[in-house]
Amino acid sequence: MPLSYYLILSAIMFLIGILGVLLRRNPLIMFMSLELMFNAANLAFVAFAAYHQALSGQLFVFFVMTVAAAEVAVGLALMVAIFRTRHTIDVDELSMLQG
Amino acid sequence: MSINDFLAILPVLVVLVTGVLVMVADVFLPEGRKGIAALLSGLGLAAGLGAALAAVPSTGTAFAGMVVADGFSLFLDALFAAVGLVGIGLAYDYFKRMRLQRGEYYTLLLFSIGGMMLMGHANDLVMFFLALELLSIPLYILSGFFRARLASQEAALKYFLLGAFSSGFVLYGIAMVFGGTASINLEGIVAAVRDGSANLTFLLVGAALLVVGFAFKVSAVPFHAWTPDVYEGAPSPLTGFMSSATKAAGFAALIRLLLVVFPALGENLAPVVSGLAALTMIAGNLIALVQTNIKRLLAYSSIAHAGYLLIGLVAVNSSAAGDAVAAMLFYLVGYAIANLGAWSVVVAAEQAEGRGLELEDYSGLGRKYPWLGVAMLVFMLSFIGVPLTLGFWGKLYLFRVALESGLFGLAVIGIAASLVSAYYYLRVVVYMFFRDGEGVARRDVWLNLIAIGSAAAVVLMALVPGDLLQVAAQAVLRVP
Amino acid sequence: MNLSNNPLLWVTFLPLAGALLVALLPDARRSWIRWTAMAAALATFAASLWLLAGFDPSSGQMQMVIQVPWLRVAGISIDFALGVDGITLLMVLLTAFLVPLAMLSAWSGVRERVKGFMILFLLLETGLIGVFLALDLVLFYIFWEFTLVPMYFLIGLWGYSRRIYAALKFFIFTMFGSLLMLLAIIFMGLQAGTFNYTDLLAQRELFAGAQLWLFFAFALAFAIKVPMFPLHTWLPDAHVEAPTAGSVILAGIMLKMGAYGFLRYNLPLFPEATLRAAPWLAGLAVVGILYGAATAFAQKDAKRLVAYSSVSHLGFVMLGIFALTQQSVAGGVLQMVNHGLSTGALFLVVGMLYERRHTRDMAAYGGIWKVVPVLGALMLAVVLSSAALPGTNGFVGEFTILLGSFGAPALGTPWFAGLATVGVILAAVYLLHLYERLFLGPLTHEENRQMPDLNLREVLILVPILVMVFWIGLYPQPFLDLINPSVETLLQSVLPAAVAMH
Amino acid sequence: MTAETLFPLVPWVVLIPLAGILINLLAGRALGERGVGLVASLAALGSFAVSVLLAVGLAQQPEGQSLLLARWMSIGSLNVDWAFRVDTLSVTMMLVVSGVGTLIHIYSIGYMHDDTRHNGDPARFRRFFLYLNLFIAAMMVLVSADNYLMMFVGWEGVGLCSYLLIGFWFEKGEAGLGNARAAKKAFVVNRIGDLGFLIAMFTMFWAFGSLSFGEVLPRAAEAAPAVLLAITLFFLLAVTGKSAQLPLFTWLPDAMAGPTPVSALIHAATMVTAGVYLVARSLPIFAAAPAAQSAVLWVGALTALFAATIAVAQTDIKRVLAFSTISQLGFMVAAVGMGAVVAGMFHLITHAFFKALLFLGAGSVILGMERGHERHAQAHDGHHGGFDPQDMRFMGGLRSRMPVTFWVYLIGGLALAGVAPLSGFFSKDEILAAAEQVSPAVFVVLLIAALLTAFYVARQLALVFFGQGRSEAARAATESSPVITVPLGILAALAAVGGALNLPGSHLLGDWLHHTVEPLVEAGFNPLTAGIALVIALAGLGLGWLLYGRSPLTRAEEPDPLAVRLKGLFTWLRRKWYVDEIYNALFVTPYTRLSQMLAGPVDQGLIDGVVNGAGGMARLLGNLGRSLQNGYVRSYALIMLVGVALIFTFLLAR
């Protein structure tokens, strides 16, 4: 399969991720969308690595996965803290700071 | 891997190791003695600062070209360590007052500083990404440090969501750059561009996405939206630290990246950065005009200053690149000093539960506490760019660079924006001196020391600005 | 070069030293503070006389030049450079002369925060003198902007009801102009590699191509400061809201900074642009003369009237400068001094009235000459000098300006001077109106009957000014001798360009 | 004593009055009223003495001399000195000014003693003499100057004194402000004239490179005709201001608000003649501009007629004299306009005598009326209100109450009317003779003016002195003290025999002035014109007597006989042809409105509105941007995405 297929798929994934962040109000689903964006990048990395025959792309994916895991940990912790005080995790409820 | 590899990033290592040590030590510190964590962190940062100032690190690349050590990174190491020290000073008094003295604040702060330092050393897109996350994730947590305070929670979640969102762009940008050049190493990218093997379209898309990602970090409009909310919600000492240091880290990344890609893409990318600069200066200052909360006002002010700095970034794409980088570094230092000073006043004036942050609460403060008042006056004047402050010289150099590289339009927008800024900065002075009120401020040792010390630095260094500029000018980058 | 023997340094930094000294005194010791500040101001005046003594009036060149490299970094070369010529010298003398008098006027007017007031006042003096003496454009800009800060506080802290609005407006309006000037300065520095005035002057061809823009940038800054119509609206607010001493310095000296800037920078640095702009600026000056006079006439607030009169008077100065003849420019310089004396004195008198009655509304007075004959007589003298009655300083200035501009080749038509002369009539209208409303007619307000006449301190404030008023009016030659060579030198550097243009 | 030793005394004509001021200023309180009056009068007398000495010197060396006192201002090619001119023209003026001035000083000692008490502020006595001495000094500067600029110093200096003295009782007059307003009007209207003087000087400087008489006048003819025309016409504007000619005469009638000696000295005898002096002095320039000459001539002639028509309908004793002064000044201006300098100067001198006499006489009448009013009021226990001691309708019959005043007034009046052999006859006749040579039309105009002059003289004499007293005050009036009547006597003598100065045949004054100015028209004595003039004068007097003397008014409320005959026209005359109203409508009101409009809607509204509007616009935009910051994290992400989209759109478009 040519490179472009992978890239198009990756771009679609990236866009879906973006739309998810924009449209969903549940932070859990927003996290998933963010993961989707990250993984779109990962897919592109892997595809390019294969295309260029360069290992550094594959390597990068591992770093990304690690970092994403750390990020999600922090995000979930934040959500737990918020849920404890507010009993909701709807992000649109969090609009006290504005102006 | 040799000792030289470690020496190259010695300040980073010192700071990160201290962070681990503080984390461990914190477990053994009894409740009520957590201030020792601050002391330990301070010592570690001082050591890091010493390492940077003593120029211990060897220069050149290390760890197989993953990191680089040069004048630029050293300068930033010193800057971050110094800002971190002040940040700890701000936090110590503040959290003691708020009865929230905890070791993990300092640990996380140190990790974040380590990430910032690493950003200055990064020579490989992996390192940029790692440094970005290393500096960001602790800040997400720290923003929500007041776990029970709604504003703090909201700030943390907003920062986190939008930060991750922008990381996505960075990541996708890196992927595109990799796709375009088959390399994630800056030297490799340069080589690919030089020998013509690079796919410039992929490179351009990637570079643009990277600019977006880091523009988020420096709060350039329209990627600034998180800034006011997070700055308002986060604990004040953290905001003071963040607004001074994160911006510098973001610009460090932008400078190094754009120096690499501008030769090939300057024609396309420079207008983008110009647009960001203009938009940031205009929007930042205009919105700051209508703020009534001091933290939000300073947040928009920090956005506005990012706009001025972006002029310098545009000038990197010209024969005056050297001057541009020097001017930006100088400006960052001047801004950091005045900004930390201003936040120290904010921290001193903040009352429990986030009260005392409206401009109204500052009424008469300057008359009641003349030292604090004069210090705040100096910071505001420096922000405006009135002579005999560092801010004046910063603007002078930046505008000089702008004119040198023919950016007349941006220079004019810059001065118009400065004019607008004069209004809201002076309004702070108006409240502090020209109005009567019952405002109270703390007379905490560290806060006052920071306020007065920063004010003195802003004025005294302005009398002999040559030395600092000399240092900034010598902080040259190792261009791959 | 032995700097400690150079009066320029002393005259510039003595007030600063005084301010530091005052800062060390305890807040409660008001009379110590006052007398220390006064001593510093008087010492500065003495230093300015020393400067005068050491000045060679036969030369139009810069004298006693101090030039110390300040910054030599990354292609930027900034000097700490000071120097004096006849025009500068007069401005410095005027400053050093007016500051102690203004300070004396604050003796009873300022009772709160005396220390802060005196410190700011002395800082202001250093800034003002620095503006006049600076011979490096960046240094000039530093002093120029620095003067804003103390004045901002003088208005904001010791001013009247709308002081905050006035202070902000003053600061931002002035800055509006000066920022563009900063860009122009940077641009010139880039072209020439130096900011030193003398060096820039020698290499003015380097930026001759952009001189219309540069001229505009400088002119905007200076025109706001002067102020020229229609950039004047900061002035009435600032003048009215400032405390008396502040108004005196504002009108007496700060407005001169603008006119001085035109003379020192616009004319010699951008000669061709000057010639092209001359009719336009002279036109604005004439509009300012008539407009200021007409607007002053309609004011109900005595201080506001005086403020608008400044717009009119400074119009004469600007007309003189841009007529570019020996007489008109020399007259313009002299008129700068005259306006400082006369309008300064007007503000002082209005301030004295305010201290007695706490209102500036002219309707609250009327017929008080009977009650305060000494004040009435001195005010009359001041009013007449402001109305340019022959024998007073104002006449010599306005006459030479109008005479010089009447046949000025740079303007090409006598209409400018002709219309400006109408301003002389209008000046009489509003000034006599002012005097009539305050002092003449029947005593209409009972509370004015007990008004005390001037005390010795107040007489001592006004008498030195009046001595100068009549000295310049009757025997201006010593002053003209100072001005003439410098003006000649100045015009010689402008007018060759005229030849090149035709 | 030779001319060389005498001429250098000339600065003292200015310095002595200044010394008088200094003494009275510093020691006036200690000197008391008598001391102050004495010092001031001696100062004026000293000035007169020096003038006499200068005249003696001139007798030996008639061509005169310029004396440099000090360099005044020197810029480039502009060099102006404090320098004095001693020649027959200037010394003639000095003699008149200081001579009449001294008499009026002495008179004022008595007059002001009473006046300050009537007006309730005796302390102001000293101030009056300070001003009066200042006036002498300024007038001396004016006439002794060697260049136009120094002349201008005197020119405006006397204007200042005029301002101060008109507003001497600054709290009196209509609504308490009348006098102050009159003073301001005088100053401002004079300033309009001064504008002409200034512009004339500017033109002169750029044409001749100098302002000094010695350099400009001999070379007058060298300049371009347009330049000369400009100079002379602008000088004419100055003349109309200072000498109260059409169209700038309106200030002089109001100037009567000043104390009567002031009206005599400044607003009749000396200051207002400065315009005549200016033209006489500048004759070479006028001679080179014939068009300007006829302009001057016609301005003078028309003013003479115009003012005379107004004078016949006034009821205020001083206002009649004021319009008479304007009219007579018109004669002089017409004379110098024709180039008949000698005739003009001659009339200037005789007019100084007889008009000063008339004013001082009027002053004596006013004092008499006030005394009478006070005596009556004391007898009848008060009721002050509504009494005007200057209104002729309340006078009458004063001939018997104030005989000395009557006789001197009669002499003055007849001299003014031009009855031979009083001084006015000779001087007016010379002007008429010259006019007859130059322009028949002017001759006729001047003759009509002369007729009206004689008429209003008769009317005034009849209303004031004849018939019966028409008020208690008039019936109780008393004669004035010798300090007042003695100067009146001296002036009466001068007014009577002043014609001797330039009698037909002797031409004393003509020969004297000849050394300085060369008249363009040499009007010899013409028996025909003299006869016509005399007939006209007698006819006017007779007409006046017919209307007012034959059956004198008996009550103040009775209508004026002339009003009965002229009906509406009389109102026009009484209201001065409504010139003040027209000027108010044309200039004063529009300027006030304009200035209010500029200060309000334009300055605060438009210009400051733009400034504040810019600030408001910035805030508006700021609030707009602020509204985007709505707190929703998803919209922040959207903003970011829009930014990304914009960047990529831009990059795609490249």
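These protein sequences, in sequence, are chains A, B, C and D.
So for the first sequence, this note's numbering puts the first residue at 113; every next one is plus one.
So for the second sequence, this note's numbering puts the first residue at 6; every next one is plus one.
So for the third sequence, this note's numbering puts the first residue at 102; every next one is plus one.
So for the fourth sequence, this note's numbering puts the first residue at 631; every next one is plus one.
We put the CB at the ideal spot given by N, CA and C, even for glycine.
### Query
Under three-state DSSP, which class holds histidine 603 of chain C?
Annotation note: pLDDT 39 at histidine 603 of chain C (below 50); position unreliable, coordinate value reported separately. Coil at histidine 603 of chain C, not helix or strand.
### Query
Just how far apart, CA to CA, sit leucine 473 of chain B and leucine 84 of chain B?
12 Å
#### Entry: Residue-level contact to chain C via CB, alanine 1071 of chain D, 8 Å cutoff
No, because no Cβ of chain C sits closer than 8 Å to the Cβ of alanine 1071 of chain D.
### Query
What residues in its chain sit with their C-beta under 6 Å from that of leucine 1091 of chain D, if we drop five residues either side in the sequence?
Gly1043
### Alpha carbon of histidine 1145 of chain D to alpha carbon of methionine 968 of chain D, nearest angstrom
19 Å
### Message
For chain A, check one thing: does any of its Cβ atoms lie closer than 8 Å to the Cβ of glutamine 1226 of chain D?
### Response
no
### Rounded straight-line distance, which links the Cα of serine 171 of chain B to that of asparagine 367 of chain C
Asparagine 367 of chain C and serine 171 of chain B have their C-alpha atoms some 50 Å from each other.
### Task
To the nearest angstrom, report how far apart phenylalanine 323 of chain C and leucine 281 of chain C are at their CA atoms.
11 Å
### Query
Alpha carbon to alpha carbon, how far is leucine 45 of chain B from leucine 34 of chain B?
12 Å
#### Entry: Where glycine 1135 of chain D sits in the DSSP three-state scheme
coil
### Through-space distance from serine 249 of chain B to alanine 154 of chain C, alpha-carbon basis
53 Å
### Query
Using DSSP with H/G/I as helix, E/B as strand and the rest coil, what is alanine 153 of chain B?
coil
### Message
Tell me the residue span of the beta strand (DSSP E) that contains alanine 267 of chain B.
### Response
In the sequence under discussion, the amino acid at residue 267 of chain B is phenylalanine, which differs from the alanine named in the question. Element bounds for phenylalanine 267 of chain B: not the beta strand (DSSP E) but the alpha helix (DSSP H), 241–293.
### Task
Would you mind reading off the limits of the alpha helix (DSSP H) that contains glycine 1129 of chain D?
That residue, glycine 1129 of chain D, is in no alpha helix (DSSP H); it is neither H nor E in DSSP.
### Message
Quick check: the Cα distance between isoleucine 220 of chain C and alanine 380 of chain B, rounded to an integer number of angstroms?
### Response
16 Å
### Task
Evaluate proline 1149 of chain D with the Cβ neighbour count: other Cβ atoms within 10 Å of its Cβ, from every protein chain shown; 16 or more gives buried, anything less gives exposed.
buried
### Query
Can a CB atom of chain E be found closer than 8 Å to the CB of valine 430 of chain C?
Chain labels in this structure do not include chain E; the protein chains are A, B, C and D.
### Message
So the candidates are B:Gly65, B:Ser157, B:Gly55, B:Leu135; which of them puts its Cα closest to the Cα of arginine 198 of chain A?
### Response
Nearest to arginine 198 of chain A by alpha-carbon distance, out of B:Gly65, B:Ser157, B:Gly55, B:Leu135, is B:Ser157.
### Task
Output, in sequence order along the chain, the residues in the region 132–146 of chain B whose CB is closer than 8 Å to any CB in chain A.
Phe134, Leu135, Glu138, Ile142, Tyr145, Ile146
### Message
One question on the structure: do leucine 1028 of chain D and valine 1094 of chain D come within less than 8 Å of each other, judged by their Cβ atoms?
### Response
yes
#### Entry: Among A:Asn138, A:Ser122, A:Leu146, the one whose alpha carbon lies nearest that of glutamate 183 of chain A
A:Leu146
### Task
Under 8 Å by Cβ, that's how I've got alanine 482 of chain C and valine 595 of chain C pegged, so tell me the actual separation to the nearest angstrom.
In fact, because the Cβ distance is near 37 Å, the residues do not count as touching under 8 Å.
### Neighbour list for glutamine 210 of chain A in chain B, Cβ cutoff strictly below 8 Å
Result: Asp234.
#### Entry: Where glutamate 1 of chain B sits in the DSSP three-state scheme
Outside the shown range of chain B, which is 6 to 485, sits residue 1 of chain B, and nothing can be said about it.
### Query
Which same chain residues, not among the five before or five after methionine 602 of chain C, have their C-beta less than 7 Å away from its C-beta?
Model confidence at methionine 602 of chain C stands at a pLDDT of 44, short of 50, so the residue's coordinates are unreliable and nothing is read from them.
### Query
Using 8 Å as the limit for Cβ to Cβ distance, is isoleucine 130 of chain A near chain D?
yes
### Query
Of the residues D:Ala899, D:Asp946, D:Leu863, D:His897, which one's Cα is nearest the Cα of serine 924 of chain D?
D:Leu863
### Query
Looking only at C-alpha atoms, which of A:Ile130, A:Gln210, A:Arg196, A:Ala156 sits nearest to tyrosine 118 of chain A?
A:Ala156
### Task
Report all residues from its chain with a CB closer than 6 Å to the CB of glycine 255 of chain B; omit the five preceding and five following residues, and keep chain order.
Phe219, Lys222, Val223
### Task
Check each candidate in C:Ser506, C:Met453, C:Leu336 and name the one with the smallest Cα separation from valine 418 of chain C.
C:Ser506
#### Entry: Close-in-space but distant-in-sequence residues of the same chain around glycine 371 of chain B (CB under 6 Å, 5 per side omitted)
Gly378, Met437, Phe438
### Query
Where does the unbroken alpha helix (DSSP H) through tryptophan 151 of chain C begin, and where does it stop?
131–155
### Query
At which residue ranges does the region 323–347 of chain B contain complete beta strand (DSSP E) runs of 3 or more residues, listed in the order of the chain?
none
#### Entry: Pairwise C-alpha distance: valine 530 of chain C and glycine 750 of chain D
30 Å
#### Entry: Nearest neighbour of threonine 493 of chain C, chosen from D:Phe782, D:Leu1268, D:Phe755 [CA to CA]
D:Phe782
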